[in-house]
Amino acid sequence: MKLILAIINNDDGPIVTAQLTKAGIFTTKIASTGGFLMSGNTTFISGVEDNKVDEVIEIISKYSRKRTQSAPPEVSGFVSAASATFPAEILVGGGTIFVLNIEKFQHV
Ligand code: 2BA
68 MKLILAIINN DDGPIVTAQL TKAGIFTTKI ASTGGFLMSG NTTFISGVED
118 NKVDEVIEII SKYSRKRTQS APPEVSGFVS AASATFPAEI LVGGGTIFVL
168 NIEKFQHV
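The numbering of the sequence shown is this note's numbering, which starts it at 68 and goes up by one.
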């Protein structure tokens with residue numbers, strides 16, 4: 068069994084939730100904040116059988132769009148100090164997905 072943690076854009080949260088549920092995947096959504104842009108994103112937690120991992124990744128990939136986001140002034144300042152060629156528009160997403168082994172799962 069695996070634990071999937073997936074961080075996606077808030078705007079894609081509802082469609083990803085709907086599609087995971089439609090596919091019979093149990094999931095928990097957590098409101099999270101990106102450390103770099105300091106803006107809200109959505110983190111999904113799903114415990115799934117090994118043979119479901121690829122399907123979950125496929126759904127998240129399909130419904131999480133890449134988008135550019137303007138860096139807020141504090142990040143732009145850091146960015147331009149770090150490198151003159153770094154854009155103030157930052158490419159975010161689609162999804163950032165981690166797959167972890169589950170040692171034990173109990174639903175009591
Ligand atoms: P944020 O940390 O707000 O990052 C937003 C976007 O800013 C990132 O998009 C990436 O394009 C850029 N970025 C992040 N950290 C950077 C840095 N130190 N220097 C330059 N650019 C940086 P994504 O890579 O698509 O990440 C979207 C969100 O996923 C992140 O929001 C964060 O909440 C999460 N994330 C991404 N990679 C992660 C990781 N290795 N561990 C934990 N969370 C991660």
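Backbone N, C-alpha and C fix where the C-beta goes; we use that ideal spot for every residue, glycine too.
It should be emphasised that the depicted structure is a prediction, and the values quoted were computed from it without experimental measurement.
Check	Outcome
heavy atom of the ligand 2BA below 8 Å from residue 105 C-beta	yes
Same chain only: Cβ atoms within 7 Å of residue 74, ignoring 5 sequence neighbours per side	99, 108, 110, 162, 163
Close beta carbons around residue 128, own chain, < 7 Å, minus the five adjacent residues each side	161, 162
Residue 41 beta carbon near the ligand 2BA (any heavy atom closer than 8 Å)	A query on residue 41 cannot be resolved here, the shown segment of the chain reaching from 68 to 175 and no further.
Counted within 10 angstroms of its Cβ, other Cβ atoms place residue 87 as buried (16 or more) or exposed	buried
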